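Counted the way my numbering counts, the sequence shown spans residues 4 to 258. This report refers to the structure that appears directly beneath it.
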Amino acid sequence: MSESGVMEQRYVVCLTVCLLIWPLSPPLQQHRPTPSSGGRHVEKVFPAGENATFILENTSVYGNVELKAWDQPLIKVVAEILSPDILVEAIPTDRSVHVRLRRKGLVSMDAVHFHVWLPPHCEVELSSLSGKITVRGLRARLKASTTDGDIELIDISGESIDAISSTRGSITLIGSLDREGKYNLYSGSGQIRVIFPATASFTLDAATREGRIDVQGFHLTEERRSPHHLEGTYGEGVAVLMIRTYKGTIHLQKR
Numbered sequence: 004m005s006e007s008g009v010m011e012q013r014y015v016v017c018l019t020v021c022l023l024i025w026p027l028s029p030p031l032q033q034h035r036p037t038p039s040s041g042g043r044h045v046e047k048v049f050p051a052g053e054n055a056t057f058i059l060e061n062t063s064v065y066g067n068v069e070l071k072a073w074d075q076p077l078i079k080v081v082a083e084i085l086s087p088d089i090l091v092e093a094i095p096t097d098r099s100v101h102v103r104l105r106r107k108g109l110v111s112m113d114a115v116h117f118h119v120w121l122p123p124h125c126e127v128e129l130s131s132l133s134g135k136i137t138v139r140g141l142r143a144r145l146k147a148s149t150t151d152g153d154i155e156l157i158d159i160s161g162e163s164i165d166a167i168s169s170t171r172g173s174i175t176l177i178g179s180l181d182r183e184g185k186y187n188l189y190s191g192s193g194q195i196r197v198i199f200p201a202t203a204s205f206t207l208d209a210a211t212r213e214g215r216i217d218v219q220g221f222h223l224t225e226e227r228r229s230p231h232h233l234e235g236t237y238g239e240g241v242a243v244l245m246i247r248t249y250k251g252t253i254h255l256q257k258r
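Spelled out as structure tokens, the structure:
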């Protein structure tokens, strides 16, 4: 047999073996890091004066933030840390507490999850990357922003509520609206749901570039509608509700 014939025969054998083995190999999947063992808890407590401001920056990739209002004059922060190379840094002043992460060495993909308790009238600023942000019971100004995570706001009210998920995260707002509040909700391609009582009163300005707007049971007065934009008033229309998406769906529902 010629040299070229031998090479061709070897190629056929190798190809046959690869085809036999390939179905047995597990498919490649997108992988999110799993928490490492040996995590630790860090707890910090600060006095909360009148008109206090709390700022939290969670720069761990998949770290969540959960914040609840309570009846204590304190700000309590508990961090679940899954990497020995991450530290929690807190900077308290007379009027504010600023919490953020510091890393030693290489960037870790392990998550840091925060649990926060504070008085309902503290002003709050929260940020995350892909982690979920949940806020319950707050009665003050709130700014929650995330690159790719979900935002859930339950039973909150305040003069100014801003929730921004830049890419795919969904936003959910459940509860009564502050009579004089201004609510600004934005998601790139995630769904935005607003669920409140039939007794709510608001002025709506909702727009989406490629998504749709679904208003269930709310009959707006002074309605101005186009395929991707809806304006109108419900009740006295004192609270202002501004909702924007690029291609996510906007839902308004009665509770």
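Idealized CB from N, CA, C, for every residue including glycine. Treat the numbers as computed from the prediction; the structure is a model and nothing was measured.
In angstroms, rounded to a whole number, what distance separates the CA positions of residue i and residue j?
{"i": "serine 131", "j": "alanine 210", "result": "25 Å"}
{"i": "valine 80", "j": "leucine 223", "result": "42 Å"}
{"i": "threonine 2", "j": "arginine 144", "result": "There is no way to answer for residue 2, as the model of the chain reaches only from 4 to 258."}
{"i": "lysine 112", "j": "isoleucine 136", "result": "Before going further, note that residue 112 is methionine rather than lysine in the sequence given. About 18 Å."}
{"i": "isoleucine 58", "j": "arginine 212", "result": "32 Å"}
{"i": "leucine 244", "j": "lysine 185", "result": "6 Å"}
{"i": "arginine 228", "j": "threonine 149", "result": "30 Å"}
{"i": "arginine 247", "j": "tyrosine 189", "result": "5 Å"}
{"i": "alanine 93", "j": "glutamate 225", "result": "49 Å"}
{"i": "isoleucine 164", "j": "isoleucine 84", "result": "29 Å"}
{"i": "isoleucine 159", "j": "isoleucine 198", "result": "12 Å"}
{"i": "glutamine 256", "j": "aspartate 97", "result": "41 Å"}
{"i": "serine 7", "j": "lysine 107", "result": "A caution first: serine 7 carries a pLDDT of 40, below 50, which makes its placement in the model unreliable, though a value can still be read off. The straight-line gap from Cα to Cα measures roughly 58 Å."}
{"i": "glutamate 60", "j": "glycine 220", "result": "38 Å"}
{"i": "asparagine 54", "j": "proline 230", "result": "42 Å"}
{"i": "alanine 147", "j": "glycine 191", "result": "15 Å"}
As a quick exercise: from the options, pick the residue whose alpha carbon is nearest that of residue i.
{"i": "threonine 252", "options": "Leu223, Leu233, Val243", "result": "Leu233"}
{"i": "glycine 52", "options": "Glu46, Glu83, Val100, Leu156", "result": "Val100"}
{"i": "aspartate 88", "options": "Arg43, Asn67, Val68, Val127", "result": "Arg43"}
{"i": "leucine 129", "options": "Ile195, Ala166, Thr96", "result": "Ala166"}
{"i": "lysine 47", "options": "Val91, Asn54, Ser86, Tyr65", "result": "Val91"}
{"i": "arginine 215", "options": "Lys250, Gly191, Pro200", "result": "Lys250"}
{"i": "valine 45", "options": "Val102, Pro95, Asn54, Arg139", "result": "Val102"}
{"i": "glycine 152", "options": "Lys146, Glu126, Tyr65", "result": "Tyr65"}
{"i": "alanine 201", "options": "Leu180, Gly140, Asn187", "result": "Leu180"}
For residue i and residue j, which I take to be in contact (beta-carbon distance under 8 Å), what is that distance rounded to the nearest angstrom?
{"i": "glycine 193", "j": "glycine 178", "result": "Not really, about 20 Å apart at Cβ, beyond 8 Å."}
{"i": "serine 63", "j": "leucine 104", "result": "6 Å"}
{"i": "asparagine 67", "j": "glycine 134", "result": "4 Å"}
{"i": "phenylalanine 49", "j": "leucine 77", "result": "7 Å"}
{"i": "alanine 114", "j": "glutamate 183", "result": "Not confirmed; about 37 Å, so no contact."}
{"i": "arginine 2", "j": "threonine 175", "result": "The chain is shown only over 4 to 258; residue 2 falls outside these bounds and no answer can be derived."}
**Message:** Does the structure place the region 189-205 close enough to the region 229-239 that three or more beta carbon pairs sit under 8 Å?
**Reply:** Note that the region 229-239 touches the region 189-205; at least 3 beta-carbon pairs, one per stretch, sit closer than 8 Å.
**In chain order, each beta strand (DSSP E) run of at least 3 residues that lies wholly inside the region 139-187** = 145-149, 154-157, 163-168, 174-177
**Prompt:** Residue ranges of each beta strand (DSSP E) run of no fewer than 3 residues wholly in the region 95-125, ordered along the chain?
**Reply:** As far as the region 95-125 is concerned, its whole beta strand (DSSP E) runs of at least 3 residues are 99-106, 115-121.
**Message:** Taking contact to mean 3 or more Cβ pairs, one atom from each stretch, closer than 8 Å, check whether the region 59-79 and the region 120-130 are in contact.
**Reply:** yes
**Request:** Kindly provide the ranges of any beta strand (DSSP E) runs that are 3 or more residues long and lie completely inside the region 193-229, ordered along the chain.
**Result:** 195-199, 205-211, 216-218, 224-229
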